[in-house]
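Asker:
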Amino acid sequence: TLTHDVAGSHYVVDAEVFNDGVKYSDTFSLCMRYCLLQTSTKTTSLRVTAL
1 TLTHDVAGSH
11 YVVDAEVFND
21 GVKYSDTFSL
31 CMRYCLLQTS
41 TKTTSLRVTA
51 L
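The UniProt record's numbering numbers the first residue of the sequence shown as 1 and each following residue consecutively.
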């Protein structure tokens with residue numbers, strides 16, 4: 001899900017995944033955030049965080 005964007009500047013995308021049937025657990029979930037930041041006209045920085 002695109003949660004924040006400023007065209008030509010930065011974007012934030014959140015993703016949440018749920019898995020069933022993981023050994024020793026009923027459910028398993030992972031929340032990830034991808035932050036893309038334009039650092040110059042030819043480069044972009046990517047930061048990935050997860051909970």
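A virtual CB, placed ideally from N, CA and C, is assigned to each residue, including glycine.
(1) Please determine, among 21, 4 and 20, the residue with the shortest C-alpha to C-alpha distance to residue 13.
(2) From residue 68 to residue 49, what distance separates their C-alpha atoms?
(3) Please report how far the alpha carbon of residue 36 lies from the alpha carbon of residue 20, in whole angstroms.
(4) Can you check which of these residues, 2, 10 and 1, is closest to residue 40 by C-alpha distance?
(5) What did DSSP end up calling residue 41 once you bin it into helix, strand or coil?
Answerer: From the atom records:
(1) 4
(2) What the structure shows of the chain is the stretch from 1 to 51, and residue 68 is not part of that stretch, so it cannot be assessed.
(3) 30 angstroms
(4) 10
(5) coil
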